[in-house]
Structures are given as C-alpha cells and as structure tokens.
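Asks: Before I ask anything, here is the structure I am working with.
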Amino acid sequence: MRLVLYISLLFIVNVSCGSIAQQQQQYKSHYVKKGETIYSIAKDYGVSTEAIYRLNPDVKSGVRENSILIIPEAGTGVTTADIEFKKHKVKRKETLFSISKKYNVSVDDIKKYNKELYSRQLKKGEKIQIPITLKIGSGLSTSEVVEVTSKKHTVLAKETKYGIARKYDITIPELEALNPTMGDSLQIGAIINVPNTDSVASATIEEGYDYYEVQPKEGFFRLKVKLGLSEEEIVSLNPFAKEGLKEGMILKIPKENIDLISSGKAVTVKLENRVYNKEKKNLVVMLPFGLDKITDGSSASNSEVLKKGGLLRLTLDFYSGVLMAAEFAKDLGISVNIDVYDTEGSETKTSTIIAQENFDNVDAVIGPLRQKNVEKAAVLLQRSKIPVFSPLSNRTMNSHSNFFQTLPTDAMLRRSMLSFLKANSANKNILLISDANKKTEKAAILSELPSAKTLSPREKGFLYVTDLNAKMVQNKENWVILESDDPGIISNVLGLLNGMPETYKVRLFTLDKNDAYDYHDISNMHLAKLNFTFPSVNKSYSYKDKDPFLISYKNKYGVYPNRYAVRGFDVAYDVLLRLSSNESLYDATQEEFETEYVENKFLYAKNSTSGYQNRATYIIKYMNNLEFEVVE
Numbered sequence: 001m002r003l004v005l006y007i008s009l010l011f012i013v014n015v016s017c018g019s020i021a022q023q024q025q026q027y028k029s030h031y032v033k034k035g036e037t038i039y040s041i042a043k044d045y046g047v048s049t050e051a052i053y054r055l056n057p058d059v060k061s062g063v064r065e066n067s068i069l070i071i072p073e074a075g076t077g078v079t080t081a082d083i084e085f086k087k088h089k090v091k092r093k094e095t096l097f098s099i100s101k102k103y104n105v106s107v108d109d110i111k112k113y114n115k116e117l118y119s120r121q122l123k124k125g126e127k128i129q130i131p132i133t134l135k136i137g138s139g140l141s142t143s144e145v146v147e148v149t150s151k152k153h154t155v156l157a158k159e160t161k162y163g164i165a166r167k168y169d170i171t172i173p174e175l176e177a178l179n180p181t182m183g184d185s186l187q188i189g190a191i192i193n194v195p196n197t198d199s200v201a202s203a204t205i206e207e208g209y210d211y212y213e214v215q216p217k218e219g220f221f222r223l224k225v226k227l228g229l230s231e232e233e234i235v236s237l238n239p240f241a242k243e244g245l246k247e248g249m250i251l252k253i254p255k256e257n258i259d260l261i262s263s264g265k266a267v268t269v270k271l272e273n274r275v276y277n278k279e280k281k282n283l284v285v286m287l288p289f290g291l292d293k294i295t296d297g298s299s300a301s302n303s304e305v306l307k308k309g310g311l312l313r314l315t316l317d318f319y320s321g322v323l324m325a326a327e328f329a330k331d332l333g334i335s336v337n338i339d340v341y342d343t344e345g346s347e348t349k350t351s352t353i354i355a356q357e358n359f360d361n362v363d364a365v366i367g368p369l370r371q372k373n374v375e376k377a378a379v380l381l382q383r384s385k386i387p388v389f390s391p392l393s394n395r396t397m398n399s400h401s402n403f404f405q406t407l408p409t410d411a412m413l414r415r416s417m418l419s420f421l422k423a424n425s426a427n428k429n430i431l432l433i434s435d436a437n438k439k440t441e442k443a444a445i446l447s448e449l450p451s452a453k454t455l456s457p458r459e460k461g462f463l464y465v466t467d468l469n470a471k472m473v474q475n476k477e478n479w480v481i482l483e484s485d486d487p488g489i490i491s492n493v494l495g496l497l498n499g500m501p502e503t504y505k506v507r508l509f510t511l512d513k514n515d516a517y518d519y520h521d522i523s524n525m526h527l528a529k530l531n532f533t534f535p536s537v538n539k540s541y542s543y544k545d546k547d548p549f550l551i552s553y554k555n556k557y558g559v560y561p562n563r564y565a566v567r568g569f570d571v572a573y574d575v576l577l578r579l580s581s582n583e584s585l586y587d588a589t590q591e592e593f594e595t596e597y598v599e600n601k602f603l604y605a606k607n608s609t610s611g612y613q614n615r616a617t618y619i620i621k622y623m624n625n626l627e628f629e630v631v632e
C-alpha cells in the first residue's frame with residue numbers, strides 16, 4: 001500500500017509540476033530599465049500594452065525603473081473564444097489606421113467585421129464595429145500582437161515618405177510613428193514598418209506630378225481655391241479621396257498646380273458664389289458723426305457744419321457705402337443687422353459705448369476711424385474675440401489678436417514694388433535716382449538689385465543731361481527708379497527723361513508715390529509717356545463702367561460715389577461675405593485667397609505677433625491715354 005500510495009503521490013506531483021511548468025512558460029519577467037515605457041516594452045515583446053496592464057494593474061499610473069513586470073508570451077492563450085464589440089462613430093480626419101491604434105486592434109480585424117471597408121474608404125459620421133476582446137485562448141487577441149498590425153515594406157527606387165504614406169492611406173506622422181528612427185529621406189532597399197493592410201495607390205509618382213499633404217480644415221473647395229482643381233479632378237487622380245478629405249492625407253497633384261502655391265500668388269475668389277451661412281449677421285459701425293455738434297436750431301446752421309466739417313462729410317460718405325453693402329448682402333439672402341454708434345472722434349466715448357452697449361452677439365466691428373480709437377476698441381473687445389476692422393488707417397499699429405488692418409502699410413507697398421522689379425529686371429538697365437532723404441530706400445533697392453546703377457542730384461538738387469547720358473543705354477530697356485519726395489527733383493528728372501532721344505526706351509518707377517507727384521508742376525503727360533509704374537492700395541475705376549455698385553449708388557443717392565463711399569462698400573461687403581462663407585472671420589482668414597471689389601482687394605494674413613493684416617496690393621501703370629492699368 002505504501003508503495004502504491006508513494007507511486008500515486010509521485011505521479012500527481014509530477015503531473016502538477018509539469019502543468020505549472022507549462023503555465024510558467026507562457027509568461028516572462030522583465031526588469032524595467034531606465035527610459036523604458038510600457039509602450040516600448042510591449043513593442044519589444046510583441047504584445048499589446050493592454051496585455052501588460054492586465055497582468056500588472058499597478059503600473060497604469062506609471063512604470064518605475066528597476067521594477068519587475070510579468071510579460072505574456074506573444075500569441076499564447078487558454079480556452080475562451082468570446083468577441084466583444086464597441087460601436088465607434090467616425091470623426092473628421094480619422095483613418096482606419098488611427099482608429100486601429102486607438103483601440104489597439106489591427107486594421108484587418110476592423111475590416112473583418114465591417115466588410116464594406118474592403119471596397120471603400122471611411123465616411124465621416126458612420127458607425128463601425130470594433131472588436132475589443134477577440135480572444136484565442138488566453139485573453140491575448142490576434143489584434144493584440146504587434147506584428148499583426150504592421151508589416152514590412154522594402155523601399156524601392158523613386159519611393160518617398162509621401163508616396164509610401166499615400167500607398168497605405170496613412171499620414172506622414174502615422175508612418176513616422178511606425179518608424180521612429182526614420183529620417184527625412186529614404187534609402188533604396190531600406191525596410192520599414194507599414195500598416196498590415198492592402199495598398200490603395202502606387203508609392204511612386206509619375207513625371208509631371210507631385211505630392212500634396214492635406215492641411216487642417218481643408219476640403220475640396222479650399223483645394224480648388226488653392227490648387228485650381230475641382231473635386232472631380234482630385235478624385236480622378238486619388239480615388240481613395242472619394243469619401244472625403246482628411247488632414248494629413250497625401251494626394252497626387254499635377255506639378256503645375258503645386259507651383260501655384262510655391263509662387264506665392266494668391267487666387268482671386270468670388271465669395272458671392274460660396275455663400276452658405278445666411279444666419280443674421282450683426283455688424284457694429286463706429287464712426288465720428290459728431291452729432292454733439294448738430295443742434296436743434298436752424299437748418300442753416302447745421303448746413304454750415306456739414307460744409308465746414310470735412311471729417312463729417314467723409315464719415316457720411318463712408319457710411320453710405322456700408323449701407324449699400326448691407327443691401328447687396330440682403331440680395332444674396334443674407335440677413336444683416338447694423339448698429340451704428342457715434343464715437344464723436346473720442347477715445348473716451350469709444351470706451352463708454354463698449355462699456356454700456358451689449359456686444360454679446362456682434363460678429364464684427366467696423367471702425368472707429370482714428371488710430372487711437374480703433375486700437376482702444378480692439379483692446380476692449382479682445383477678450384470677447386470680436387473682430388475689429390480699421391477701415392482707413394494704413395499706419396503700423398499695436399496689433400491685437402482680434403484686430404484687422406484693412407489697408408496695407410507703406411512698407412508693404414514698397415516690398416510689393418521691389419518684388420515686382422526684382423522678378424522682371426532681367427535684361428534691363430536699372431538706374432536708381434535717389435536724394436539724401438531716401439538712404440533707407442536706396443539700401444533696400446540695392447540689396448535686391450545689386451547691379452543697379454546709382455545717381456544722386458547735385459548740390460543744388462538738380463541733375464543734368466550729361467548725368468543721365470552717362471548711365472543710359474540704347475540696346476536695352478532703361479528702368480529708372482526715382483526715390484524722392486521733393487517736387488523740384490521729381491519735376492527735374494521727369495523733364496530730362498522725357499527729353500531723351502526716342503532711340504532710348506525709358507520707363508519710370510517708384511516705391512513711393514507720395515504727395516509730391518500731385519504737385520502742380522508735375523506733368524501727367526510726362527508721367528504717362530514714361531509709363532510711370534507704382535504700388536497702390538487700390539485701383540482706379542471709371543463711372544462709365546457698368547459696375548452694379550456704381551449704378552445702384554447713383555440711382556439711390558443721385559450722385560456717383562466718391563472714394564470714401566467706395567471704400568465703405570468694399571470693406572463692409574467683404575466682411576459680410578467672409579462671414580457668410582465661413583463659420584467666423586477667423587476661419588475665413590485661414591485660406592490663401594484674395595477678394596476684389598470696386599477698387600480694393602483683400603488678402604488677410606496673421607501677423608507674426610498677433611492680429612491680421614491685409615497684404616493685397618496693386619502695381620499700377622500710367623498709360624499713354626492718361627488712364628491707369630493694373631499690372632499686377
């Protein structure tokens with residue numbers, strides 16, 4: 001009996017020990033080293049982070065150096081075969097790969113239980129099933145093994161990061177997350193990790209095409225504005241984009257359309273064609289009407305105020321343009337409400353208005369006119385994030401995050417003219433004539449055009465024919481850049497240039513068309529003959545033009561609008577259209593496009609510090625018929 005009992009006990013012990021040994025082989029212990037994380041450890045062992053957390057629940061708050069973790073063997077298990085699902089609503093920008101990373105399952109597992117995804121892309125807003133615990137015995141799903149979610153890709157000739165990301169329908173950051181040591185360029189033959197999913201495109205690019213990475217909030221319309229391609233054209237080149245664009249998506253685009261972006265030239269957009277947000281727009285207009293100067297006395301005295309009050313007349317003209325803009329917006333189905341306040345030209349009054357009135361539902365403020373007053377309004381409304389538009393000042397101001405400068409500064413005008421000269425100066429004889437007060441401008445011009453010849457007036461402020469003859473040539477166009485605010489010097493140079501023999505081709509430029517050019521001794525005929533070219537914040541228009549605004553204004557007020565009425569219309573109409581084609585004015589500035597109206601155009605860009613600046617300028621040329629032509 002003792003022997004039988006001994007043998008039986010020995011058999012039980014051996015079987016038990018064998019069973020324990022089998023169980024112990026399913027796990028490993030890991031000594032945590034400095035710098036290691038649960039994610040890095042999971043990757044090293046080919047298991048999921050969830051699998052480690054289940055066996056080591058105390059490390060969910062963080063893993064400590066020198067601690068010991070229990071690590072499951074990859075792919076081991078016991079006996080259950082339960083599948084649990086979670087419904088996931090697809091959000092904007094999400095891809096199959098990003099969702100698989102979120103739930104720690106493979107892309108193939110998601111497709112397995114959502115079979116329609118084998119043949120199409122995800123749709124924003126649709127609900128898909130996510131297998132959460134696909135168990136094969138132990139609680140470790142096939143989805144939880146890292147190798148299942150990725151595979152190897154050997155880099156071929158002409159393949160780039162953009163092409164490979166496009167091939168597997170992932171973003172560049174997602175590709176880099178799979179390959180932490182990946183550099184900016186790939187070597188032929190390198191082996192990298194990619195999602196274990198079917199490819200949706202080729203990883204190489206054909207001649208004449210390039211890759212474009214979809215930016216935040218970019219849809220088909222924004223890409224049409226930016227690239228000049230319709231939705232149909234983009235989808236024909238990128239079939240996987242049929243279900244919509246996502247941030248980070250890599251598209252194949254013709255190089256000529258990519259060059260449109262790199263050229264820096266903005267596309268002009270007609271916002272009337274993209275109005276969709278027709279909810280009521282609440283505008284506040286703050287202008288110096290000076291009603292405190294208007295009395296209840298005789299109409300004669302008030303009429304005298306109007307005659308003498310240049311600022312009041314300007315204000316009324318500007319306001320008439322704003323009202324006309326509201327009428328044009330209403331014709332498009334946009335509901336507009338305008339609250340008008342008289343600032344009396346006072347900073348204190350401006351502050352009082354904002355303190356006492358309700359600005360809660362205001363979409364934008366136009367005005368005040370004066371610099372200190374409009375800056376005060378921007379400061380007081382900054383916390384409410386209400387955009388404040390400075391309508392008439394082009395001075396450099398202290399920017400605030402809600403401040404919109406509608407007029408380009410003089411510095412911007414100079415830069416635009418200089419860019420034009422630099423881009424078109426090839427095979428031209430460039431001569432710079434500048435006086436002693438224009439040293440800064442002279443230095444800037446020579447920095448961009450180092451081969452330019454220079455000439456300065458003599459001691460008495462004049463040049464002579466011999467001075468010009470020494471610098472001019474007959475076998476090239478002579479482009480003369482004149483920098484001076486002295487009417488005498490300008491008149492002198494104009495006379496000399498117009499007196500040059502016809503064998504000399506001469507064209508006159510300036511970076512600053514200042515008041516000196518309006519001096520009575522300056523001949524417009526001389527300017528026109530030289531095709532005088534200069535930068536401007538606006539273009540000219542003719543009352544003969546069949547412009548709807550000019551006609552409507554004349555019909556309503558009996559006179560044609562002056563420059564301030566036109567300015568009021570252009571500024572206000574642009575604000576209303578931007579509000580109606582976007583959710584907010586801030587959203588409307590994220591797109592690189594220009595808008596253009598009767599005599600002004602707008603291209604708002606965020607300043608390096610804060611606030612928004614209109615950077616749209618014109619290059620104007622004086623024609624021989626004394627009319628102006630827009631060159632750029």
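Position 242 (the sequence shown) corresponds to 242 in full-length UniProt numbering; numbering is contiguous. Where a beta carbon is used, it is the ideal one built from N, C-alpha and C, also for glycine.
Taking the alpha-carbon positions, what's the residue 153 to residue 255 distance?
Replies: C-alpha separation (whole angstroms): 27 Å.
Asks: If I measure Cβ to Cβ from residue 350 and keep anything under 7 Å in the same chain, skipping five residues before and after, which residues do I get?
Replies: So the list reads 286, 343, 368, 373, 376 and 377, once near-sequence residues are dropped.
Asks: In angstroms with no decimal places, state the Cα-to-Cα distance between residue 36 and residue 218.
Replies: So the alpha carbons of these two residues sit roughly 38 Å apart.
Asks: Name, in chain order, the residues that DSSP records as bridge partners for residue 507.
Replies: In DSSP, residue 507 forms a bridge with 479.
Asks: Can you name the start and end residues of the beta strand (DSSP E) that residue 342 belongs to?
Replies: Taken as a continuous stretch (DSSP letters only), the beta strand (DSSP E) holding residue 342 covers 336-342.
Asks: Taking the beta strand (DSSP E) that residue 355 falls in, what are its first and last residues?
Replies: That residue, residue 355, is in no beta strand (DSSP E); its alpha helix (DSSP H) goes 347-356.
Asks: What are the residues that DSSP puts in a beta bridge with residue 210?
Replies: 253.
Asks: Which whole-angstrom value is the C-beta distance of residue 100 and residue 334, which I expect to be below 8 Å?
Replies: At roughly 44 Å, the Cβ-Cβ gap does not stay under 8 Å, so residue 100 and residue 334 are not in contact.
Asks: Are the CB atoms of residue 395 and residue 406 nearer to each other than 9 Å?
Replies: No, Cβ-Cβ distance for residue 395 and residue 406 is not below 9 Å.
Asks: Find the nearest neighbour of residue 179 within the set 151, 30, 516 and 70, judged by alpha-carbon distance.
Replies: Of 151, 30, 516 and 70, the residue nearest in Cα terms is 151.
Asks: Assuming residue 282 is part of the alpha helix (DSSP H), what are its boundary residues?
Replies: That residue, residue 282, is in no alpha helix (DSSP H); its beta strand (DSSP E) goes 281-287.
Asks: In terms of residues, what are the limits of the alpha helix (DSSP H) holding residue 474?
Replies: Unbroken run through residue 474: none, as it is neither H nor E.
Asks: Mind checking who residue 88 pairs with in its DSSP beta bridge?
Replies: Answer is 128, bridged to residue 88.
Asks: Should residue 576 and residue 177 be called a contact, given that it needs their Cβ atoms to be closer than 9 Å?
Replies: No, these two residues do not count as a Cβ contact at 9 Å.
Asks: In the structure shown, what three-state DSSP assignment does residue 234 receive?
Replies: Three-state DSSP puts residue 234 in a helix.
Asks: Roughly how many angstroms separate the alpha carbons of residue 540 and residue 91, rounded to a whole number?
Replies: So the two alpha carbons sit approximately 48 Å from each other.
Asks: Assess contact between the stretch 590-610 and the stretch 348-362, defined as three or more Cβ pairs (one per stretch) separated by less than 8 Å. Is contact present?
Replies: Counting Cβ pairs under 8 Å, fewer than three are found: no touch.
Asks: Please work out which residues of its chain come closer than 7 Å, Cβ to Cβ, to residue 630, disregarding the five sequence neighbours upstream and downstream, and give them in chain order.
Replies: Excluding residues within five positions, the ones whose Cβ falls inside 7 Å are 539, 618 and 620.
Asks: Can you tell me whether residue 29 is buried or exposed? The criterion is at least 16 other CB atoms within 10 Å of its CB, across all chains shown.
Replies: Exposed: under 16 other Cβ atoms inside 10 Å.
Asks: Suppose you measure from the CA of residue 130 to the CA of residue 120; what does that come to, to the nearest Å?
Replies: Straight-line Cα distance between these residues: approximately 17 Å.
Asks: Taking the beta carbon of residue 85 as the centre, do at least 16 other beta carbons fall within 10 Å, making it buried, or is it exposed?
Replies: Under this definition residue 85 is an exposed residue.
Asks: Just to confirm the assignment, what range does the alpha helix (DSSP H) spanning residue 621 have?
Replies: It is not in any alpha helix (DSSP H) - residue 621 instead sits in the beta strand (DSSP E) that spans 618-622.
Asks: Quick one: residues in its chain with C-beta nearer than 7 Å to the C-beta of residue 626, no 5 flanking neighbours on either side, listed in chain order?
Replies: Same-chain partners within the cutoff: 524 and 528.
Asks: Run through DSSP, which three-state label would residue 533 get?
Replies: Correct three-state label for residue 533: strand.
Asks: Consult DSSP for residue 615 and reduce its assignment to one of helix, strand or coil.
Replies: In the structure shown, residue 615 sits in coil (DSSP, three-state: anything other than H, G, I, E or B).
Asks: Confirm, please, whether the CB-CB distance from residue 166 to residue 211 is below 9 Å.
Replies: Closer than 9 Å, so yes.
Asks: Identify which residue in 39, 601 and 440 has its Cα closest to the Cα of residue 572.
Replies: Of the candidates 39, 601 and 440, the one whose C-alpha sits nearest the C-alpha of residue 572 is 601.
Asks: Rounded to a whole number of angstroms, what is the C-alpha to C-alpha distance between residue 235 and residue 252?
Replies: Taking the straight line joining both Cα atoms gives about 10 Å.
Asks: Are the beta-carbon atoms belonging to residue 223 and residue 169 less than 9 Å from one another?
Replies: The answer is no: Cβ separation not under 9 Å.
Asks: Quick one: Cα of residue 559 to Cα of residue 546, how far?
Replies: For residue 559 and residue 546, the distance between alpha carbons rounds to 15 Å.
Asks: Identify whether residue 72 lies in helix, strand or coil by the three-state DSSP scheme.
Replies: In this structure, residue 72 counts as strand in the three-state DSSP scheme.
Asks: Closest to residue 331 by C-alpha separation, out of 552, 612 and 106, would be which residue?
Replies: Of 552, 612 and 106, the residue nearest in Cα terms is 552.
Asks: Over the uninterrupted beta strand (DSSP E) stretch that includes residue 593, give me the two end residues.
Replies: Residue 593 -> beta strand (DSSP E) spans 593-596.
Asks: So the alpha helix (DSSP H) residue 320 belongs to, where does it begin and stop?
Replies: Per DSSP, residue 320 belongs to the alpha helix (DSSP H) from 310-331.
Asks: Skipping 5 residues on each side, what residues in its chain have a beta carbon closer than 6 Å to that of residue 432?
Replies: These residues qualify, in order along the chain: 445, 452, 454 and 481.
Asks: Report the three-state DSSP secondary structure of residue 426 (helix, strand or coil).
Replies: Coil, per DSSP.
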